[in-house]
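>
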Amino acid sequence: MKFITTLMVIAFVLSVLVPTQALRVLSEDKKVACIVTDLQVCLSALETPIPPSAECCKNLKIQKSCLCDYMENPSIEKYLEPARKVFAACGMPYPREDAIEVKATHHPVDVVPTHAHTSDVHA
Numbered sequence: 001m002k003f004i005t006t007l008m009v010i011a012f013v014l015s016v017l018v019p020t021q022a023l024r025v026l027s028e029d030k031k032v033a034c035i036v037t038d039l040q041v042c043l044s045a046l047e048t049p050i051p052p053s054a055e056c057c058k059n060l061k062i063q064k065s066c067l068c069d070y071m072e073n074p075s076i077e078k079y080l081e082p083a084r085k086v087f088a089a090c091g092m093p094y095p096r097e098d099a100i101e102v103k104a105t106h107h108p109v110d111v112v113p114t115h116a117h118t119s120d121v122h123a
């Protein structure tokens, strides 16, 4: 009995110590772990002219549903522009543009120019 109790305590301690990971639900049967550290293999492609590795492209494609959330993080702002070439080299669209297009198609909004001059308005 003492052995089982000890095992249960160890299991509880380990479950508390294991870091939790955010999961993005793509469908009921498929979940993707959003683990930004898996994208560290892309760092050299972001900071140098070296093209992204196959592993970088694979990880980007796996975490495609997480990318817009990552791009909202101010600490990676310096990588947003270099990311365009990485996405292009991996054959992927730039996530932010995809998100904008989706929002625009689902929520049409009339755009009123804020710089309009009275001479630009025609009766």
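According to full-length UniProt numbering, the stretch in the sequence shown is residues 1 to 123, in order.
Idealized CB from N, CA, C, for every residue including glycine.
Taking 8 Å as the CB-CB limit, is Ala83 close to chain D?
The displayed structure is made up of one protein chain only, and chain D is not part of it.
> Grab me the residues of Lys39's own chain with a C-beta within less than 6 Å of its C-beta, minus the 5 sequence neighbours each way, in chain order.
Note on residue identity: the sequence assigns Leu, not Lys, to residue 39. Once the five neighbours on either side are set aside, the close Cβ partners of Leu39 are Asn59.
> Following the continuous alpha helix (DSSP H) through Pro82, name the residue where it begins and the one where it ends.
From DSSP, the alpha helix (DSSP H) with Pro82 extends over Leu80 to Ala89.
> On the CB-based measure, 16 or more other CB atoms within 10 Å of its CB, does Leu46 come out buried or exposed?
buried
> Quick one: residues in its chain with C-beta nearer than 6 Å to the C-beta of Ile50, no 5 flanking neighbours on either side, listed in chain order?
Ser44
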